[in-house]
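Right, one structure below, let's go through it.
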Amino acid sequence: MAGIGLRARHYREVLEHWPALGWVEVHSENFFGGGIARRTLLEVARHYPLSLHGVGMGLASPDPLDLANLRDLRLLCDAVQPASVSEHLCWNSVGGTVINDLLPFPYTRDALEHVVVRVQQVQEALARPILIENLSYYLAFASSEMREDEFLAELVARTGCGILLDINNLHVNAVNLGVDAEAFILGVPRQAVGEYHLAGASLIEGCLVDTHGSRVSDAVWNLYETALRHLGKRPVLIEWDTDIPDLSVLQEEARKAQLRMDAHARVD
Numbered sequence: 003m004a005g006i007g008l009r010a011r012h013y014r015e016v017l018e019h020w021p022a023l024g025w026v027e028v029h030s031e032n033f034f035g036g037g038i039a040r041r042t043l044l045e046v047a048r049h050y051p052l053s054l055h056g057v058g059m060g061l062a063s064p065d066p067l068d069l070a071n072l073r074d075l076r077l078l079c080d081a082v083q084p085a086s087v088s089e090h091l092c093w094n095s096v097g098g099t100v101i102n103d104l105l106p107f108p109y110t111r112d113a114l115e116h117v118v119v120r121v122q123q124v125q126e127a128l129a130r131p132i133l134i135e136n137l138s139y140y141l142a143f144a145s146s147e148m149r150e151d152e153f154l155a156e157l158v159a160r161t162g163c164g165i166l167l168d169i170n171n172l173h174v175n176a177v178n179l180g181v182d183a184e185a186f187i188l189g190v191p192r193q194a195v196g197e198y199h200l201a202g203a204s205l206i207e208g209c210l211v212d213t214h215g216s217r218v219s220d221a222v223w224n225l226y227e228t229a230l231r232h233l234g235k236r237p238v239l240i241e242w243d244t245d246i247p248d249l250s251v252l253q254e255e256a257r258k259a260q261l262r263m264d265a266h267a268r269v270d
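Spelled out as structure tokens, the structure:
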């Protein structure tokens, strides 16, 4: 089933008309407080399947996990009962300084041990498995001892977490850094992939940047179809976070994703 990322621009239209949406995803941190945002989400959760997507946990950060953040996330999960909870494979803080970004790290055995403990801690606090999203990054570390897909496969085996396979992130890394996108898809454990993300990127000074500000490109659609062939049908989301268009544009992109999924089902 295809869904969309629900952003504030579309709250009123959704609440007034309840348009046909397969499911919706929101950024968890935007709803930790009370007020109108929380009330809106509770109402949305009564009408659509919902997923919570985090951007601030920093699973690979050297700093301790933010326990207040984790507590707020558990309370939000208890309130809305999401179909899934996801986070990025990244770091975002050091020495108490939080950086508003999703930063890469070297894929080493030491890093794996660190992230395993953190994912286990999060899953125990939430009393549920989480999905871990592959990252878009703009530099690679010579000290890495494994590929990102190998790191994710080990993480799944050690913690029981799942994978949120971001097709656009994978395409960005393939263009900028020569990552073998098909090998990545073949390298992740099929049964662990719980969701796909699709989005648009922007070419800025010769670098493909994961801006989430345009329609899904032909290259990403093709890679999505590769994932469908190798990994099968999964819930798929259209992400659009900058230059947000009318809701009808997001619905159109979601329909494209659904049609490709349905075509794959017929072939199977």
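Its first residue numbered 3, the sequence shown is counted upward by one per residue in our numbering. For every residue, glycine included, the Cβ atom is placed at its ideal position computed from N, Cα and C.
The ligand PLP heavy atoms versus the CB of residue i: any closer than 8 Å?
i	result
residue 139	The ligand content of the structure shown is nil, which means the ligand PLP is not present either.
Judging by CA-CA distance, which residue of the options is the nearest neighbour of residue i?
i	options	result
residue 101	204, 64, 198 and 154	64
residue 209	33, 223 and 140	140
residue 94	87, 224 and 137	137
residue 233	169, 5, 204 and 206	169
residue 59	88, 53, 49 and 3	88
residue 84	109, 49, 265 and 111	49
residue 239	74, 247 and 259	259
residue 51	68, 79 and 39	79
Which residues does DSSP pair with residue i in a beta bridge?
i	result
residue 4	238
residue 89	134
residue 209	206
residue 29	55
residue 198	167 and 238
residue 95	100
So, for residue i: in the same chain, excluding its five sequence neighbours on each side, which residues have a beta-carbon less than 8 Å away from its beta-carbon?
i	result
residue 98	65
residue 70	none
residue 107	62, 92, 93, 113 and 143
To which residues of the same chain is residue i closer than 6 Å at the C-beta, ignoring the five residues directly before and after it?
i	result
residue 72	127
residue 53	27, 84, 85 and 86
Roughly how many angstroms separate the alpha carbons of residue i and residue j, rounded to a whole number?
i	j	result
residue 131	residue 162	7 Å
residue 29	residue 129	19 Å
residue 244	residue 196	25 Å
residue 249	residue 221	23 Å
residue 205	residue 15	32 Å
residue 181	residue 257	29 Å
residue 3	residue 157	26 Å
residue 174	residue 201	11 Å
residue 185	residue 19	43 Å
residue 190	residue 151	5 Å
residue 242	residue 6	8 Å
residue 1	residue 254	With the chain running from 3 to 270 in the structure shown, residue 1 is simply not present.
residue 207	residue 178	12 Å
residue 212	residue 166	16 Å
Which same chain residues end up closer than 7 Å to residue i when comparing Cβ atoms and leaving out the 5 residues on each side of it in sequence?
i	result
residue 187	228, 229, 232 and 233
residue 183	172, 173, 176 and 225
>> For the region 111-131 against the region 41-51, do three or more pairs of beta-carbon atoms, one drawn from each stretch, fall closer than 8 Å, so that the two count as touching?
In response: The region 111-131 makes no contact with the region 41-51: fewer than 3 CB pairs, one atom from each, lie closer than 8 Å.
> Would you call the region 19-29 and the region 213-226 touching, i.e. three or more CB-CB distances under 8 Å?
Replying inline: Taking 8 Å as the limit for Cβ pairs, the verdict is that the region 213-226 does not touch the region 19-29.
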